[in-house]
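Chemist: Next up is a structure, given as C-alpha cells.
There are 2 protein chains.
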Amino acid sequence: MIYLDNAATTFPKPDIVYDTVMNVMKDFGANPGRSGHKLALKAGRGIYDTREKLASLFNIKNPMNIIFTYNATDALNLGIKGFLKKGDHVITTAMEHNSVLRPILGLEQKGVKNTIIKCDQKGFVDLDDIENAIEANTRLIVTTHASNLTGTIYPIEKIGALAKKHNIIYMVDAAQTAGIYHIDVERMNIDLLAFPGHKSLLGPQGTGGLYIKEGLDVIQMKEGGTGSKSHELIQPDILPDKYESGTPNTPGIIGLGAGVQYILDKGIDNIMKHEKELLKLFLDGLKLIDGVKIYGPLDPEKQAPVVSINIGDEDSSEISYILDNVFDISTRSGLHCAPLAHKTLGTLERGTIRFSIGLFNTKKDILSTLDAIKKIAIEAM
Amino acid sequence: MIYLDNAATTFPKPDIVYDTVMNVMKDFGANPGRSGHKLALKAGRGIYDTREKLASLFNIKNPMNIIFTYNATDALNLGIKGFLKKGDHVITTAMEHNSVLRPILGLEQKGVKNTIIKCDQKGFVDLDDIENAIEANTRLIVTTHASNLTGTIYPIEKIGALAKKHNIIYMVDAAQTAGIYHIDVERMNIDLLAFPGHKSLLGPQGTGGLYIKEGLDVIQMKEGGTGSKSHELIQPDILPDKYESGTPNTPGIIGLGAGVQYILDKGIDNIMKHEKELLKLFLDGLKLIDGVKIYGPLDPEKQAPVVSINIGDEDSSEISYILDNVFDISTRSGLHCAPLAHKTLGTLERGTIRFSIGLFNTKKDILSTLDAIKKIAIEAM
C-alpha cells in the first residue's frame, strides 16, 4: 500500500509514537493535573514536556502559552472567535480551509466584517491586496501557511511584518506545514498559531494546539474544571488552564511529544529536504504525462508536498477510486473542504485528486504512483 | 499499586481497549470521512460502530444524534451554551461540577438567568425545590446523575418526568455513572446527555460525547471542515457533522467502542453489582474506624462508588500524599472542581480525600485501603 493522504493525517507514525501512547495508557493512564498521586503527576509532567518540545520547535518563549485542543479546527475556532469582537474587521484569503472560512463567515451575524482576498490561479496572494484591504477596524489577518489544495506556500514572514506595521494581530494556520517547514513565532511575528498534532507533527489524532501570544485577549470557548482555583465559580484567567477545561487527551498529547521529539532529532531541514526531493520527482514526472492537468505552483520551492491534479475529463473521485482499488494507492478526491480555493482554480464542479507526501514516503512510492497515473491517463484518452 | 481515582479517569482499561487503539493507529490510522480510500472508510466505519454501541447502551434511537467531543466538559459546554439563549432561565443544583456551574454562570453576562438549587448535607436534592424554581422562561434543567464528590445519586427519571410535565428540556451529566448505571434516554426523558469516554465507559482519554434529542435546536460551538457539503461556506445542518468539525480522535473513539462493547458483554447489572459490593465493603469498614468523617449518603443503594472522607483534623492533601507515598494507594484530595458541593458539605476550606472505585478493583484492594486508613487514623489521634 502506498499512502499519499498525509495532508489529511500522516500515516504511519514513527514507532516511538505508538510506543509512547501505549506506555502512557498502560503505565500511567491517570488524570493529569487533577490529583496529586504519582501517576497523575507523571501524566502532568508528560503533558508539560510536550508543551516544552513544541515551544522549542516554534520558538515560543513560554510553553504555557501553548493551548492543547482537539484538533487544528478547534484551535482556529478558539483563536478567531475568541479574539474578534463586534465591530471588528478581519482579512483572510480565498485559499483558506473551511476551518478558517466557516468561523469567519459565521461571525458576520455577530457584527464582525471580513474581506476575503482573491488569489491567482496558482493560489498565490498579493501582499498589496492584503495591505489595501486594511481598514481602520481591521484587528486580525488570518492566512494559511500552505494551501491544503495546491500546497502553495504563503510568505508568512512578510505578512507578519505587514500586520505588525499596521498594529494588526496575525494568525497562521499551519495545518500543512508544522513539522516540515521552519516556523518561528517571534521572527515571523505570529500572534496566534494553530496547528494539528496528527499531521506532520506525527502525533496521534485527537491532538492540536493554539499558541496565543502573551497578553492577547482571547475569550475561552469552554468553561469547566481546570484543576486550578477549584473554589472559584468563574473560569481562572491563567494560561493554559483558562482554555483547557476538562480531562485532556493525555496519551495523545504525550504521543505528540514523541512525534515532535522525533522531528527535533531528525531536524526540520532534513525533513524538508526529503519531502522536497520527492515532491520534485513527482512534479517532474507528472509534467511528462499527457492528459494530466496539474494545479498550483508546480515548483517544489513554492509549494508544500501537496499536489492536486485531474486526468482528462474524468471525475476526480473515480480516479481516486481506481488508484485505491487497482493500484493500492491512497489519495483524496473532491473539494478538500476548501471551496473558494477550488473556485480560484476553476475546479469547484469536479474537484481534484490530491496526492500528499509524508516523511515516510520513498522514491519508489512516487515512481510507482507516477506509473499508475500514466496507465490511468492512457486508459482515459 | 491500588488505584482508587476512577472518578477522575478509570485505570487500567480492558486489554481490548489498548489493543484496539494500537490496531487503529498502526493498521488504519487514516482520516475518517474525509477521503474515500480503504483505510479512511475503515476508520469511518469504526467510528460509526462506536456510535451504534453507545446508542445501544443508552437506548438512543438514531446513532447520528450522538456527537463525539473532546471530553464531557466539551459536551456540557456545547449543550448548555448551544441551547440557552438570552432571556432564558436554567435550573441546576449545588452539587454540580464546575463543568456545569462555570458555563451556566458564564452565561449570566449574556442574559441567561439561573437558579442553583441547594441540596441537603448528604447531597440530595428535593424535587419540590426544583419544581418551585420553575419560571415562565425556564427552558433547561441540568443535573448530574451522581455527585463526583459524595456519589449521591440523583433521581434522574423523576426529574426527567418533571421536566417533561413542564415542557422543559432536561440535560444529564453522566460523568460518574455512564457505564455503571442504567441510562435510558427515552424512558428517563433525557434530552441532552453528556458523558466522558474515559471514565466508566472504559475508553481512552480525549473522548466524550453529547446525545442531542432529535429536533433540538443546539448551536454548534465550532465550524470547519466536515467532509460533507464541502462546497458550502456555512456549517452543514446535518447531525453529527454540524458539531464535529475537523479530524476526530479516531483511535480514541474506536477504542471507546471497544470499552462500550466490553460493558455490553459484561452487562451493566453485573458491573453495578460488583461496584456496589466493593462500595458496601468500603463504607461498612470506614464506619468502624475512629476519627474518620464520611460524607454523603453512606448507602450503596443511594450513591455511586465515590466516597469522600476526612481524618481527624488532618489536611486532605496530606492524607492523600501519605496514602500514595507510604501505602501506594492513588486517591484524590482537595475540592474536586465542585466548590458549591463542598459548601453544602461544609468542607470548602479543607477539601476531602476521595476514593473512587472502578471495575477492576478487588475486595483485597478495599481491605488493604481500609487497613491503611486505620493506621493513618491511629497516627492522627
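Chains as they are written, first to last, in the working numbering: chain B, 8 to 388; chain D, 8 to 388. By construction, the Cβ of each residue, glycine as well, lies at the ideal position given by its N, Cα and C atoms. Small disclaimer: the values here were computed from a predicted structure and weren't measured.
Taking only beta carbons into account, state which residues of the segment 363-374 of chain D come closer than 7 Å to chain B, listed in chain order.
Modeler: none
Chemist: Can you grab the Cα-Cα spacing for the pair VAL119 of chain D / VAL225 of chain D, in whole Å?
Modeler: Translated into the one-based positions of the second sequence, residue 119 of chain D becomes position 112. Translated into the one-based positions of the second sequence, residue 225 of chain D becomes position 218. C-alpha of VAL119 of chain D to C-alpha of VAL225 of chain D: approximately 15 Å in a straight line.
Chemist: Drop a sphere of 10 angstroms on the beta-carbon of GLN268 of chain B, count the other beta-carbons inside from all chains shown, and report buried for 16 or more, exposed for fewer.
Modeler: In the first sequence, residue 268 of chain B corresponds to position 261, counting from 1. Burial call: buried.
Chemist: Just checking my contact of ASN66 of chain D with TYR218 of chain D at CB under 8 Å: how many whole Å lie between their CB atoms?
Modeler: Translated into the one-based positions of the second sequence, residue 66 of chain D becomes position 59. Translated into the one-based positions of the second sequence, residue 218 of chain D becomes position 211. Contact flag wrong, Cβ pair sits at about 10 Å.
Chemist: Using CA coordinates, which residue listed in B:ASP133, B:GLU193, B:GLY341, B:ALA15 is at the minimum distance from ALA182 of chain B?
Modeler: Stepping through the first sequence from its first residue, residue 182 of chain B is reached at position 175. ALA182 of chain B has its Cα closest to that of B:ALA15, out of B:ASP133, B:GLU193, B:GLY341, B:ALA15.
Chemist: At a Cβ cut of 7 Å, what residues of the segment 100-133 of chain B count as close to chain D, listed as they run along the chain?
Modeler: Those residues of the segment 100-133 of chain B placed with their C-beta closer than 7 Å to a C-beta in chain D are HIS104, ASN105, SER106, LEU108, ARG109, PRO110, LEU112, GLY113, ordered along the chain.
Chemist: Please report the straight-line C-alpha distance between THR369 of chain B and ARG58 of chain B, rounded to a whole angstrom.
Modeler: The residue labelled residue 369 of chain B in the question sits at position 362 within the first sequence. The residue labelled residue 58 of chain B in the question sits at position 51 within the first sequence. The alpha-carbon atoms of THR369 of chain B and ARG58 of chain B are separated by roughly 31 Å.
Chemist: By the 10 Å Cβ neighbour count, where 16 or more other Cβ atoms means buried, how is VAL132 of chain D classified, buried or exposed?
Modeler: Residue mapping note: residue 132 of chain D aligns to position 125 of the second sequence, counting from 1. It is buried - the Cβ of VAL132 of chain D has at least 16 other Cβ atoms within 10 Å.
Chemist: Considering only C-alpha positions, which residue in the set B:LEU366, B:GLY365, B:SER363, B:ALA345 is nearest to GLU356 of chain B?
Modeler: Counting from one through the first sequence, the residue named residue 356 of chain B turns up at place 349. Just measuring C-alpha positions, the residue of B:LEU366, B:GLY365, B:SER363, B:ALA345 sitting nearest GLU356 of chain B is B:ALA345.
Chemist: Taking the beta carbon of MET388 of chain D as the centre, do at least 16 other beta carbons fall within 10 Å, making it buried, or is it exposed?
Modeler: Sequence index remark: in the second sequence, residue 388 of chain D carries index 381 (1-based). It counts as exposed.
Chemist: Relative to chain D, which residues along the segment 232-257 of chain B have a C-beta separation below 8 Å, given in chain order?
Modeler: GLY232, THR233, GLY234, SER237, HIS238, GLU239, LEU240, ILE241, GLN242, SER252, GLY253, THR254, PRO255, ASN256, THR257
Chemist: For ILE241 of chain B, count neighbouring C-beta atoms within 10 Å of its own C-beta (all shown protein chains included) and say buried if the count is 16 or more, exposed if not.
Modeler: Locating residue 241 of chain B in the first sequence gives position 234, counting from the first residue. That one is exposed.
Chemist: Please confirm if GLY43 of chain D has its CB atom under 8 Å from at least one CB of chain B.
Modeler: Numbered from 1 along the second sequence, position 36 holds the residue referred to as residue 43 of chain D. Yes, GLY43 of chain D lies at the interface with chain B (some Cβ there is under 8 Å from its Cβ).
Chemist: For MET178 of chain D, would you say it is in contact with chain B, using Cβ-to-Cβ distances shorter than 8 Å as the test?
Modeler: Taking the first residue of the second sequence as position 1, residue 178 of chain D is located at position 171. False, the Cβ-Cβ gap to chain B never drops below 8 Å.
Chemist: Using 8 Å for Cβ pairs, my map puts PHE1 of chain B next to ILE260 of chain B. What's the rounded Cβ distance?
Modeler: What is shown of chain B runs 8 to 388, which leaves residue 1 of chain B out entirely.
Chemist: Does the beta-carbon of TYR328 of chain D, which I'm using as the reference point, lie nearer than 7 Å to any heavy atom of the ligand NAD?
Modeler: Because no ligand of any kind appears in the structure shown, any question about the ligand NAD cannot be addressed here.
Chemist: MET178 of chain B by DSSP, collapsed to three states: which one?
Modeler: To locate residue 178 of chain B, count along the first sequence from 1; it is residue 171. In the structure shown, MET178 of chain B adopts extended strand secondary structure according to DSSP, grouped into three states.
Chemist: For a cutoff of 8 Å on Cβ pairs, would you count PRO312 of chain D as touching chain B?
Modeler: For the purposes of this step, residue 312 of chain D is identified with residue 305 of the second sequence, where counting begins at 1. No, its Cβ sits nowhere closer than 8 Å to a Cβ of chain B.
Chemist: Kindly indicate which three-state DSSP category GLY53 of chain B falls into: helix, strand or coil?
Modeler: The sequence position of residue 53 of chain B within the first sequence is 46, counting from 1. Helix at GLY53 of chain B.
Chemist: Exposed or buried, what is HIS173 of chain B when buried is set at 16 or more other beta-carbons lying within 10 Å of its beta-carbon?
Modeler: Mapped onto the first sequence, residue 173 of chain B falls at position 166. With fewer than 16 other Cβ atoms within 10 Å, it is exposed.
Chemist: If you run the structure through DSSP and keep just helix, strand and coil, what is ILE9 of chain D?
Modeler: In the second sequence, residue 9 of chain D corresponds to position 2, counting from 1. ILE9 of chain D falls in the strand class under three-state DSSP.
Chemist: Mind listing which residues of the segment 286-308 of chain B have their C-beta closer than 8 Å to chain D's C-betas, in chain order?
Modeler: Those would be none; no residue qualifies.
Chemist: Find out if the Cβ-Cβ distance for the pair GLY253 of chain D, TYR250 of chain B is shorter than 8 Å.
Modeler: Within the second sequence, the letter at position 246 stands for residue 253 of chain D. Within the first sequence, the letter at position 243 stands for residue 250 of chain B. For the pair GLY253 of chain D and TYR250 of chain B, the CB atoms are not nearer than the 8 Å cut-off.
Chemist: For the candidate residues D:LEU61, D:LEU366, D:GLY234, whose alpha-carbon lies nearest to that of LYS262 of chain D?
Modeler: For the purposes of this step, residue 262 of chain D is taken as the residue at position 255 of the second sequence. In the sequence as presented, Lys is not what sits at residue 262 of chain D; that position holds Gly. The candidate whose alpha carbon is nearest that of GLY262 of chain D is D:LEU61.
Chemist: Output the boundary residues of the alpha helix (DSSP H) element that contains VAL28 of chain D.
Modeler: Within the second sequence, residue 28 of chain D is the residue found at index 21, counting from 1. From DSSP, the alpha helix (DSSP H) with VAL28 of chain D extends over 22-35.
Chemist: Should GLU142 of chain B go down as buried or exposed, given a rule of 16 or more other Cβ atoms within 10 Å for buried?
Modeler: Position 135 of the first sequence, counting from 1, holds the residue named residue 142 of chain B. Taking all protein chains shown into account, GLU142 of chain B has fewer than 16 neighbouring C-beta atoms within 10 Å of its C-beta and is therefore exposed.
Chemist: If you measure between the beta carbons of ILE301 of chain B and ILE326 of chain B, is that distance less than 8 Å?
Modeler: Counted from its first residue, the first sequence places residue 301 of chain B at position 294. Counted from its first residue, the first sequence places residue 326 of chain B at position 319. Not closer than 8 Å, so no.
Chemist: Take ASP335 of chain B as the anchor and find which of B:ALA348, B:VAL314, B:GLU321, B:ASP378 has the nearest alpha-carbon.
Modeler: Locating residue 335 of chain B in the first sequence gives position 328, counting from the first residue. Considering only B:ALA348, B:VAL314, B:GLU321, B:ASP378, the residue with the shortest C-alpha distance to ASP335 of chain B is B:ASP378.
Chemist: Buried or exposed: LEU285 of chain B, going by 16 or more other Cβ atoms within 10 Å of its Cβ?
Modeler: Looking up residue 285 of chain B in the first sequence gives position 278. By the neighbour-count rule (16 or more Cβ atoms within 10 Å), LEU285 of chain B is buried.
Chemist: Once you ignore the five residues that flank LEU290 of chain D on each side, which residues in its own chain have a CB closer than 8 Å to its CB?
Modeler: As a first step, residue 290 of chain D must be located in the second sequence, where it is residue number 283. Here the set comprises ILE301, LEU305, ASP306, PRO307, VAL314.
Chemist: Is LYS88 of chain B buried or exposed, if buried means 16 or more other CB atoms sit within 10 Å of its CB?
Modeler: Here residue 88 of chain B is taken as the residue at index 81 of the first sequence, counted from 1. Buried: at least 16 other Cβ atoms inside 10 Å.
Chemist: Using a Cβ-Cβ distance cut-off of 8 Å, determine whether PHE18 of chain B contacts chain D.
Modeler: By one-based count along the first sequence, residue 18 of chain B stands at place 11. Yes, its Cβ sits closer than 8 Å to a Cβ of chain D.
Chemist: Determine, for ASP276 of chain D, whether the minimum Cβ-Cβ distance to residues of chain B falls below 8 Å.
Modeler: Along the second sequence, read from residue 1 onward, the residue named residue 276 of chain D stands at position 269. Chain B contact via Cβ: absent.
Chemist: How is LYS60 of chain D classed by DSSP in three states: helix, strand or coil?
Modeler: Sequence index remark: in the second sequence, residue 60 of chain D carries index 53 (1-based). Here LYS60 of chain D sits in helix by DSSP.
Chemist: Does the segment 269-278 of chain D come close enough to the segment 95-114 of chain D that 3 or more CB-CB pairs lie under 8 Å?
Modeler: Taking 8 Å as the limit for Cβ pairs, the verdict is that the segment 269-278 of chain D does not touch the segment 95-114 of chain D.
Chemist: If you draw a straight line from the C-alpha of THR145 of chain D to the C-alpha of ILE318 of chain D, how long is it?
Modeler: Walking along the second sequence from the start, residue 145 of chain D turns up at place 138. Walking along the second sequence from the start, residue 318 of chain D turns up at place 311. Approximately 42 Å, taken between the alpha carbons.
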